[in-house]
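What follows is a short report on a single structure.
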Amino acid sequence: MTGIWVLLLLVVALGAATLSGKTNDSFELSGIESTQAFDLIRDRDPTAAPEGATARVVFQAPDGESLADPANQQAVSDALAALRTSGVVSILDPFAAGTITEDGRTGYASVSYARSAVDLSQADREALEAARDVAEEAGLTATIGGDVIGVEIGGALAELIGVAIAFVVLALTLGSLVAAGMPLLTALVGVGIGITAIATLTGFVELGTTTPALGTMLGLAVGIDYALFILSRYQAEARRGRPLEEAAGRAVGTAGSAVVFAGLTVVIALVGLAVCGIGFLTEMGLAGAFSVTLAVLIALTLLPALLGFAGTRVTKRSPRAGQEHTDAEPNPGEPRTLGRRWIEGLARFRWPALLAGIVAAAVAAVPVASLQLALPDDSTKPAGSDVRLAYDLIDEHFGAGANGPLLVVIDTKEAPDPAAAVAAATERLQTLATRDDSNIAALVPAVTSDSPQARQAYLRQLDTAQFATLTVIPHSGPSDESTKDLVADIRDTLSDLPDQSGARALVTGVTAVGVDISNELTEVFPLYLAVVVGLAFILLIAVFRSIWVPVKAALGFLFSVGVSLGATVAVFQWGWLNELVGLDTTGPVLFLLPILLTGILFGLAMDYEVFLVTRMREAYVHGAPARQAVIDGFTHSARVVAAAALIMVGVFAGFTLTDDIILKTIGFALAIGVLVDAFLVRMLIVPATMLILGRRIWWMPRWMGRLVPTLDVEGEELAKHLAPR
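Taken in order, the sequence shown gives residues 1 to 725; the numbers are from the UniProt record's numbering.
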């Protein structure tokens, strides 16, 4: 079995080395107004590239000088000339476009490319560096911004931090360096296969940059945890005096069964993202589900094989033959652990503990009421990077809105008088701009010159392409809530344009795309939640043969996701302690976080529910009273669940140190979510609730009991089969 996994790793690694392609940073969704506008432009004007990469080259003259000085103006012209490659569609000179400050010291040129940033040629990138060199050699300061410049994710550091934390926790939990290394080894094999398989897939399908990183994050976290649960049970069985082969079989038959169903809940939650019908979410979900599936398979097959090689070096002490104890009762020789003291104290003060846990979760979730969502923009890039410097210079000298202009596309194909239709739309936007509460800083009309030649060129273009474009520059930045409101205001203002002129108006741009995708996510979220929670609910009913255990699990998850989102708002949006995660600015939360966090965290929360409550159910079906079953089950599983949670928190927290704001946000939210779910929900609220309900927690209607299949997660049939006859 070990050879099969090693061979598979080598095969997919070879595929990744020879077939892998590029990833991209764009979020695309067909069918929304903002992308319909891009499609219209492409269809009507084959030379246009509305979704191509953009660059903003910001020039600044030394103190006391102006860009209009002959030498400086020539330097700007020479720098822009160096930019002209076959991939460039247009360059808006700052002198012609008027993008120069009143003092003449700062200006910027906008460069549009025919291809996306990931597809730019080496010549295009070298031209950007050449333009900067030309400007700087002439004494100007030049910075380059826009989506043409990417930021390295730096995932290797995040993974290294996660592995280091995991090794320390594993060594303390398992009491053996050899044992500590096994979950790491199996997890790294799974991540290696997963990441190289995804890399191979990029040679055939265009995937987002975040997709393989998310697969790595999840694969590493659950891979270590699943192996830990099985290995911990193996150690326990070996210390009971069982032969090592039997101990391995019992561990896989009991803890391994729990791993299967825990992994299945995560896979359901991730694959369920496909019901949203949003491409980049679907690929993230499928990549994550693939990584989790690999983790389950490796934990069930490769780990037992490695245990055979390790022998007694994995156990804390050699097994003593003939020393048998029942699975339902703790080993009489075992000391009263911290977990047992905790659960016994909880049993005495279950009502105060339950109320305290609920109040704490509710208070921590309060910031969710202020949640704002948006696409990340260049203001979130690392301080000191070229992209951030360019953004800040434009913000300072031209206003935040200049970094994210809105494009209004007027489709005149059905208009009897196209020019009149465009004029009517322009007039309405000008009226909107004059309102006291207007957020429009500037309106650039379809034709910017009154000369007869410019007018004739505009009319010819309008007659040929049958569309015109107006540019609206907001006062506020691309991710500001007021810019989103402006998108809605423009659409409302132009909503009756088809009735009045026969033309229609489409609003697009980075901000409009973010608004449209956020609205789409909001609409599909209830369907996604119903599908995922419904399927997981059915699975948990079958696993625990109880109605109230799944209800309790789902309600506890709501606390976890609420606190996680609340903490994310407090840090990323309000700026509380944001320096700890490497942020020096605040802004709206990543627009896809709520639905992605819900999917991933729901699966992981059900993991801990399965691992914790399975041992309680195991004690109960083996004859322990309901209250004692909770105490015994918690005593057996709390230490391992706590260790698994700390490992996951370490892996996810490591990704907060990357420069990519998407991974930083997801990593932080998941780290907080897992921390809260494991220690506040599963170790306080859940056992307190079960202690209050007693045997009623295991209730299920008789008619349902006949319909629901029996899933032997506790290994009861295995125990009967192996019992002495």
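Glycine included, each C-beta is placed from N, C-alpha and C at the ideal position.
Every value quoted in this text rests on a predicted model; they were computed, and no experiment measured them.
| request: Please classify residue 494: does DSSP put it in a helix, a strand, or coil? | output: Correct three-state label for residue 494: coil.
Worksheet item: In its own chain, which residues sit with a C-beta less than 6 Å from the C-beta of residue 315, not counting the 5 before and 5 after it?
Response: The answer, listed in chain order, is 235 and 238.
Item checked: Backbone secondary structure at residue 376 - three-state DSSP -> Looking at residue 376 - three-state DSSP - the assignment turns out to be coil, as it is neither helix nor strand.
Problem set entry | Collapsed DSSP secondary structure at residue 467 in the structure displayed | DSSP, read as helix, strand or coil, puts residue 467 in strand.
* Start and end of the alpha helix (DSSP H) containing residue 392? -> 386-398 is the extent of the alpha helix (DSSP H) around residue 392.
Short of 7 Å in beta carbon distance, which residues of its chain neighbour residue 413, apart from the five on each side in sequence? Order them along the chain.
Taken in chain order, the residues that qualify are 466.
DSSP beta-bridge partners of residue 59: 107 and 142.
Quick check: what's the CA-CA separation for residue 222 versus residue 377? Approximately 31 Å, taken between the alpha carbons.
Contact under 7 Å by Cβ, residue 695 with residue 619
With respect to residue 619, residue 695 sits apart: the two C-beta atoms are not nearer than 7 Å.
inquiry  = For a test of the three-state rule: what should DSSP assign to residue 211, helix, strand or coil?
reply    = Shown here, residue 211 sits in a helix according to DSSP, grouped into three states.
Return the residue from the list 312, 298 and 518 that minimises the CA-CA distance to residue 372. Of the candidates 312, 298 and 518, the one whose C-alpha sits nearest the C-alpha of residue 372 is 518.
For the candidate residues 276, 654, 384 and 406, whose alpha-carbon lies nearest to that of residue 585? For residue 585, the closest alpha carbon among the candidates 276, 654, 384 and 406 is that of 384.
Subject >> Neighbour-count burial assignment, residue 2, 16 or more Cβ in a 10 Å radius >> reply: Classified as exposed, residue 2 has fewer than 16 neighbouring CB atoms from the shown chains inside 10 Å of its CB.
| message | Just to confirm before moving on: does the CB-CB distance between residue 266 and residue 603 stay below 7 Å? | response | Against a cut-off of 7 Å, the Cβ pair of residue 603 and residue 266 comes out as a contact.
**OP:** Have a look at residue 5 and residue 368 and give me their C-alpha separation to the nearest angstrom.
**Re:** Rounded to the nearest angstrom, the two C-alpha atoms are 44 Å apart.
Please give me, in chain order, every unbroken run of the alpha helix (DSSP H) with length at least 4 that falls completely inside the UniProt domain "SSD" (160-309). Whole alpha helix (DSSP H) segments, 4+ residues: 177-201, 210-239 and 244-271.
Exercise for review: Select from 134, 61, 107 and 40 the residue whose C-alpha is nearest the C-alpha of residue 83.
Suggested key: Of all alpha-carbon atoms in 134, 61, 107 and 40, the one lying nearest the alpha-carbon of residue 83 is that of 134.
Determine, using beta carbons only, whether residue 589 and residue 573 come nearer to each other than 7 Å.
Yes, the pair counts as a contact, with Cβ atoms nearer than the cut-off.
Next item on the list: Report the partner residues of residue 474 according to the DSSP bridge assignment.
Entry: Assignment of beta-bridge partners to residue 474 by DSSP yields 440.
inquiry  = Tell me whether the segment 390-403 and the segment 91-110 touch, counting them as touching only if at least three CB pairs, one residue from each stretch, are closer than 8 Å.
reply    = At 8 Å Cβ cutoff, the stretches touch.
Is there contact between the segment 468-477 and the segment 444-458, where contact requires at least three CB pairs shorter than 8 Å? Because the criterion of three Cβ pairs below 8 Å is met, the segment 468-477 and the segment 444-458 touch.
Practice prompt. Assign residue 557 to one of two classes, buried (16 or more other C-beta atoms within 10 Å of its C-beta) or exposed (fewer than that).
Written response: Buried.
C-beta atoms of residue 347 and residue 691 nearer than 7 Å: Yes. Within cutoff.
Margin query: With a threshold of 7 Å on Cβ separation, who are the neighbours of residue 140 within its own chain once the five nearest residues in sequence on each side are excluded?
Written below: So the qualifying residues of the chain are 59, 60, 61, 72 and 75.
task = Identify which residue in 85, 568, 350 and 674 has its Cα closest to the Cα of residue 644.
result = The candidate whose alpha carbon is nearest that of residue 644 is 674.
Got a sec? Which residues, its chain only, sit under 7 Å from residue 629 by beta carbon, not counting five neighbours each side?
These residues qualify, in order along the chain: 616, 619 and 620.
**Asked** Tell me which same chain residues have a C-beta within less than 7 Å of the C-beta of residue 687, skipping the five on either side of it?
**Response** Taking residue 687 as the centre and dropping the five residues before and after it, the same chain places the C-beta of 343, 346, 630 and 634 closer than 7 Å to its C-beta, in chain order.
Next on the checklist: Less than 7 Å between the beta carbons of residue 68 and residue 104, yes or no?
Outcome noted: Yes.
Q.
Using the three-state DSSP reduction, which class does residue 402 fall into: helix, strand or coil?
A. Looking at residue 402 - three-state DSSP - the assignment turns out to be helix.
Query - Those residues which DSSP pairs with residue 411 across a bridge - result: DSSP output for residue 411 lists 467 and 504 as bridge partner(s).
- [ ] Quick one: give me the first and last residue of the alpha helix (DSSP H) that residue 577 is part of.
- [x] Careful: residue 577 lies outside any alpha helix (DSSP H) and carries neither H nor E.
Checklist entry - On the three-state DSSP scale, how would you describe residue 149? => result The answer is coil: DSSP assigns residue 149 none of H, G, I, E or B.
(message) Excluding the 5 residues flanking residue 605 on each side, which residues of the same chain have their C-beta closer than 6 Å to its C-beta?
(response) So the qualifying residues of the chain are 557, 560 and 677.
message: Suppose the cutoff is 6 Å on Cβ atoms and the five residues either side in sequence are ignored; what does the same chain contact list for residue 424 look like?
response: Cβ within range, chain order: 501.
Across the segment 592-602 and the segment 301-312, are there enough close Cβ pairs to call them in contact, namely three or more that are closer than 8 Å? The segment 592-602 vs the segment 301-312: no contact.
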